Amino acid sequence: MGATWADDDDGLPPLPAAATVTPVTTTTAAVPAPKPSTSTTTTTTPSTTTGKSGYVPPHLRGRQAAGSGDGRGFGGDRGGDRRGGGWDRDDRPSSGGGWGGGGGGGRSFSRGEDYSGTSFGRRDDRGGGGGGGGWDTGRSRFRREDDPFARQEQEEAEAGRNDPDAEATKIFTGENSGLDFDMYEDIPVETSGRDIPEPITSFTTLDLGASINANIKRCKFKNPTPVQKYSIPVSLAGRDLMACAQTGSGKTAAFCFPIIAGILKRGLQGGHMNRKTYPLALVLSPTRELASQIHEESRKFAYQTGVASCVIYGGAPAVEQFRAMERGCDLLIATPGRLIDLIDRAKISLSKIAYLALDEADRMLDMGFEPQIRQIVDERDMPRCGERQTMLFSATFPKEIQRMAADFLDDYIFLTVGRVGSSHSLITQSVERVNSYHDKSEMLLDLVEAVPGLTLVFVETKRAADQLEDYLYQHGKPATSIHGDRTQQEREAALKSFRAGRTPILVATDVAARGLDIPHVTHVINFDLPSDIDDYTHRIGRTGRAGKKGRATALFLESKDGNMARPLVELMSEANQEVPEWLEGYASRSFGGGGGRRRGGGGGGGNRFGGRDYRSGGGGGGG
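Under the UniProt record's numbering, the residue at position 488 of the sequence shown is numbered 488, and the numbers go up by one with no gaps.
This is the structure in C-alpha cells:
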C-alpha cells in the first residue's frame, strides 16, 4: 500500500511548512540581457558565470540569476550553495493557476509559453504555509509566427532544395542506429512458419537497388543486425511477418528497407488526386514521438530514391500536414487517431496500400488503440488481408496480442530475436532501497553526478515531472521534462535540448518510454518504479542501445513498490545481474507475484512475455 499524503492524489509529499524560498544575496553575477536581434531568424543567447557551470536554462536566458535556494523545494535539505545556485523562474505572466491557496499561501506554479528563444517560459512562485487547495495549470496561446523552429525548418528546407549536398548533410548528420552492433552477433534467433527464407549476412547480398544501397553506406551501417538479417529477406519475399525484438535493435530499418524497395519496384503508383492523398505504404505508431523518429529514419533510407515520406499525428496543425502530403506521399507514418480523422475528412485514401507496418504493436493495443486499428484495417478502404503485405514489430508479443494481431496477417512468419522481455546484458541494473521521498531526491542528486552523459529519469505523474525538474534546477542540474500535457512544440524543444546535451537530464512520464529513440542515453533512473514489469523493461530499454552499454537504477520504496520485488528479482536473474540480498529476501517474503499483467503466463523467468509463436503452443511457461 503506497504512502498517502493530504491534499495530494499522486503520491508526492506536500511541501514542508517552511518551504518559502527566499533568494539570498550572493556574489553571483547577473546574466546580461540579450541584445535585440535585427534578424527574424536568429536568437541571441546570453552567457553567464553563475554557479558551477556557465549553463543558463533556455527559458531563463535574458533573466537575472537569483541567489542559491534553500534546497527544500522537492524534498531535500541540501543547500543550493553546495549544489549550485537556484534560478528565479518568474519569467512572464500567464493565465496560470495555483497549487496551494488557503492557510498561508502555499505554492503557486504556472506555465507560460515563450517562444522568443529556444524553449518555453515558466513562472514559479513559492509562498509560505502548507495551504490546501487544488492544482490548476494555465497556458498562454501559442502563436505559430513566434515559433523559431518553424522558421528554421522552413529555411533549412529551402536551402536543401537549392543545395543537395546541404540536404544530405542535414539528413545524415547525427547518430545512426546501425552502429556498434557487433555485440549482438551471439543473440539467438528463433523462427517459425512455412518456407522461411534464408537470413542474410551482409547488406551487399540484398537486392534493394542502387539508391538504397548508397543510403546504407551514408548511414554507415556495416552489417545487418539480427532482426534485419532475418526479417528483411522475409519481407522482400512478400511474406507477412510478426517480429519480436528488443528495443534499439534496428527494427525501423528492418521494415523501412523492404517497403521503400517494394515501392520502387512498383513504380511509384501512389499520388495525390482531388486533394486526396493515396499512399502506397502505411506505418502505424502509438505516439507522435515515435512517429516522428520513424519519419526521420525513413527520410535517410529514401534519400534520392523519389519515394516521399510524410508523417501525421495529433497535437500539430493539420493544415501543415495537408501541405506536406500534397507535395507527395508514398510512405505515410501515422498515429491511429489523426489518421482516422484525415480519412474521414476525405484527405487520405488507403485504397492503394500495398504495405502495412505496425511498430510497437503491443503498446498500441495496451494503450487502447485496438478499436482504431481495426477501424483502419477493416472498416475503411484498405485492401484486405492477403491483398497487402503486413509486418508487426514490437519488443514484446504476449499470446493474447498475437491472437489479435493474427487477424491482420496471412500465412505469416514469426520471428523472435533474443530473449523476449528480458533486458539484455548491455544494461547494468541496480536497485537502491529508499525509505522516503526525501531519500529519493537526495539519492537522485548523487546518481546524476555519478554517471556522466545523458540521464533519463522516469516519474509516475505529470506533476511529479514538473516538480522534479524544478528540484534539479534548484540544485544546479540542467534538466528538462516531457509529459502528456505539454504541447507538441514544447515536447520537441525539450527533446532537442536533451539530445544536444544542453539539458542532459530529461524527466519524463511513460510517454518517453513508448518508442523514443535517443542515442547516447547512458543512465535510466526509475525515480518512481512502474507497477508493471513490462513497463520497467520498456523504460530501461532506452539505454544500452545500438550495441552500447548502459546503466539502469531503480529507487525502491517498500511502502509503494513491494509488488515489484519478485518480478525484479526474476528479471535481473535472467539477465545475470547482481540481485541485492535485501531484495531477494523481500521477494521471498512477498506473495502473489505482483508486477502487473505478466501476460505471457508461466512462472519464473522463461518466456513470460509470450515470445513464442502461439500457433505452435508456445507463449506460456518455460524457457
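All C-beta atoms in this analysis are idealised placements derived from N, C-alpha and C, irrespective of residue type, glycine included. The model shown is predicted, which means the values in this text are computed figures rather than measured ones.
Anyone know if the C-beta pair for Ile312 and Leu365 falls short of 9 angstroms? To locate residue 312, count along the sequence shown from 1; it is residue 312. To locate residue 365, count along the sequence shown from 1; it is residue 365. Not in contact: Ile312 and Leu365 (Cβ atoms no closer than 9 angstroms).
Between the beta-carbon of Ala302 and the beta-carbon of Ser292, is there less than 9 angstroms? Residue mapping note: residue 302 aligns to position 302 of the sequence shown, counting from 1. Residue mapping note: residue 292 aligns to position 292 of the sequence shown, counting from 1. Contact: no.
Decide if Asp195 is buried, meaning its Cβ has at least 16 other Cβ atoms within 10 Å, or exposed. Mapped onto the sequence shown, residue 195 falls at position 195. Answer is exposed; the Cβ neighbour count stays below 16.
Rounded to the nearest angstrom, what separates Val569 and Leu557 at their Cα positions? Translated into the one-based positions of the sequence shown, residue 569 becomes position 569. Translated into the one-based positions of the sequence shown, residue 557 becomes position 557. Those two C-alpha atoms are separated by around 15 angstroms.
By the 10 Å Cβ neighbour count, where 16 or more other Cβ atoms means buried, how is Ser298 classified, buried or exposed? Taking the first residue of the sequence shown as position 1, residue 298 is located at position 298. The residue is buried, with at least 16 neighbouring Cβ atoms inside 10 Å.
Rounded to whole angstroms, what's the CA-CA distance from Leu495 to Ala554? Just pull it up for me. Here residue 495 refers to the residue found at position 495 when the sequence shown is read from its first residue. Here residue 554 refers to the residue found at position 554 when the sequence shown is read from its first residue. Near 23 angstroms, if we compare the C-alpha coordinates of Ala554 and Leu495.
How far does the beta strand (DSSP E) with Ser573 in it extend, from its first residue to its last? As a first step, residue 573 is located in the sequence shown; it is residue number 573 there, counting from the start. Counting along the chain, Ser573 falls outside any beta strand (DSSP E), though it belongs to the alpha helix (DSSP H) covering Ala565 to Glu574.
State yes or no: is the C-beta of Ser351 within less than 9 angstroms of the C-beta of Cys244? By one-based count along the sequence shown, residue 351 stands at place 351. By one-based count along the sequence shown, residue 244 stands at place 244. No, these two residues do not count as a Cβ contact at 9 angstroms.
Ser481 and Ala465 look like a contact to me (Cβ under 8 angstroms); what is the Cβ gap, rounded to whole Å? Locating residue 481 in the sequence shown gives position 481, where the first residue counts as 1. Locating residue 465 in the sequence shown gives position 465, where the first residue counts as 1. With 8 angstroms as the limit, Ser481 and Ala465 qualify as a contact, their Cβ atoms being about 4 angstroms apart.
Ile348 - containing alpha helix (DSSP H), residue span: If you number the sequence shown from 1, residue 348 lands on position 348. No alpha helix (DSSP H) contains Ile348, which DSSP labels as neither H nor E.
Helix, strand or coil at Val319 [DSSP, three-state]: Residue numbering aside, residue 319 sits at position 319 when the sequence shown is read from its first letter. Here Val319 sits in helix by DSSP.
Could you check if Ala253 is buried or exposed, using at least 16 other CB atoms within 10 Å of its CB as the buried criterion? Along the sequence shown, one-based indexing puts residue 253 at 253. Counting Cβ neighbours within 10 Å, Ala253 comes out buried, since at least 16 surround it.
Given the structure, does Ser559 come close to the ligand HEM, in the sense that its CB is under 8 angstroms from one of the ligand's heavy atoms? What this structure holds is no ligand at all, so the ligand HEM is not there to describe.
Sequence-distant residues of the same chain with beta carbon closer than 7 angstroms to Cys256, five excluded per side: Your numbering for residue 256 matches position 256 in the sequence shown. Around Cys256: Glu297, Ser298 and Phe301.
What do you reckon, are the CB atoms on Ala318 and Leu342 nearer than 9 angstroms? Locating residue 318 in the sequence shown gives position 318, counting from the first residue. Locating residue 342 in the sequence shown gives position 342, counting from the first residue. Yes, the pair counts as a contact, with Cβ atoms nearer than the cut-off.
From Ser285, Thr305, Glu198 and Pro580, pick the residue whose C-alpha is nearest to that of Glu360; which is it? By 1-based counting over the sequence shown, the position of residue 360 is 360. Minimum Cα distance to Glu360 is reached at Ser285.
Pick from Ser430, Gly476 and Lys462 that is closest to Trp582, judged by C-alpha positions: For the purposes of this step, residue 582 is taken as the residue at position 582 of the sequence shown. When only C-alpha atoms are compared, the closest one is Ser430.
Just confirm the distance between the C-beta atoms of Asp510 and Asp485, as a whole number of angstroms; I'd bet it's less than 8 angstroms. Indexing the sequence shown from 1 puts residue 510 at position 510. Indexing the sequence shown from 1 puts residue 485 at position 485. That pair is no contact at about 14 angstroms.
Just tell me which of Arg374, Leu426 and Glu460 has its CA closest to the CA of Tyr437. For this step, residue 437 is matched to residue 437 along the sequence shown. Looking at the Cα atoms, Glu460 is the closest of the given residues.
Quick one: what does DSSP say Phe203 is sitting in, helix, strand or coil? Taking the sequence shown and counting its residues from 1, the one referred to as residue 203 is at position 203. In this structure, Phe203 counts as helix in the three-state DSSP scheme.
Alpha carbon to alpha carbon, what distance is there between Val234 and Gly386? Along the sequence shown, read from residue 1 onward, the residue named residue 386 stands at position 386. Along the sequence shown, read from residue 1 onward, the residue named residue 234 stands at position 234. Computed Cα separation, rounded: 15 angstroms.
For Ser394, write down the residues that DSSP places opposite it in a beta bridge. Stepping through the sequence shown from its first residue, residue 394 is reached at position 394. Per DSSP, Cys244.
Label Thr205 either buried or exposed according to how many other C-beta atoms from any shown protein chain fall within 10 Å of its C-beta, with 16 as the threshold for buried. In the sequence shown, residue 205 corresponds to position 205, counting from 1. With fewer than 16 Cβ atoms within 10 Å of its Cβ, Thr205 is classed as exposed.
Under the assumption that Phe397 contacts Asp362 (Cβ atoms under 8 angstroms), give the Cβ distance between them as a whole number of angstroms. In the sequence shown, residue 397 corresponds to position 397, counting from 1. In the sequence shown, residue 362 corresponds to position 362, counting from 1. That pair is a contact at about 6 angstroms.
Output the residue ranges of the beta strand (DSSP E) runs that lie fully inside the UniProt domain "Helicase C-terminal" (443–587) and measure 3 residues or longer, sorted by chain position. 454–458, 479–482, 505–508, 521–526 and 550–557
List the residues that DSSP assigns as beta-bridge partners of Glu432. Mapped onto the sequence shown, residue 432 falls at position 432. According to DSSP, Glu432 bridges with Leu555.
Measuring straight from C-alpha to C-alpha, what distance separates Asn526 and Gly250? Mapped onto the sequence shown, residue 526 falls at position 526. Mapped onto the sequence shown, residue 250 falls at position 250. So the alpha carbons of these two residues sit roughly 25 angstroms apart.
Is it the case that the Cβ atoms of Leu208 and Ile171 are separated by a distance below 9 angstroms? Locating residue 208 in the sequence shown gives position 208, counting from the first residue. Locating residue 171 in the sequence shown gives position 171, counting from the first residue. Contact: no.
Beta carbon of Pro279 nearer than 9 angstroms to that of Ile353: In the sequence shown, counting from the first residue as 1, residue 279 sits at position 279. In the sequence shown, counting from the first residue as 1, residue 353 sits at position 353. Yes, the pair counts as a contact, with Cβ atoms nearer than the cut-off.
Going by C-alpha to C-alpha distance, which of Ala346, Asp381 and Thr335 sits closest to Glu370? Taking the sequence shown and counting its residues from 1, one reaches residue 370 at position 370. Of Ala346, Asp381 and Thr335, the residue nearest in Cα terms is Thr335.
Determine the direct distance from the alpha carbon of Ile533 to that of Gly541, and round the result to whole angstroms. Here residue 541 refers to the residue found at position 541 of the sequence shown. Here residue 533 refers to the residue found at position 533 of the sequence shown. Approximately 12 angstroms, taken between the alpha carbons.
Helix or strand or just coil, what does DSSP make of Arg388? Locating residue 388 in the sequence shown gives position 388, where the first residue counts as 1. Correct three-state label for Arg388: strand.
Between Arg327, Leu290 and Leu444, which has its C-alpha nearest Val457's C-alpha? The sequence position of residue 457 within the sequence shown is 457, counting from 1. The option with the nearest alpha carbon to Val457 is Leu444.
Going by beta-carbon coordinates alone, are Leu358 and Phe414 separated by less than 9 angstroms? If you number the sequence shown from 1, residue 358 lands on position 358. If you number the sequence shown from 1, residue 414 lands on position 414. Not in contact: Leu358 and Phe414 (Cβ atoms no closer than 9 angstroms).
Where does Thr252 fall in DSSP's three states? Walking along the sequence shown from the start, residue 252 turns up at place 252. If DSSP states are grouped into helix, strand and coil, Thr252 belongs with the helices.
If I'm right that Phe498 touches Leu454 with Cβ under 8 angstroms, what's the distance once you round it to whole angstroms? Here residue 498 refers to the residue found at position 498 of the sequence shown. Here residue 454 refers to the residue found at position 454 of the sequence shown. About 7 angstroms separates the two Cβ atoms, so the contact holds.
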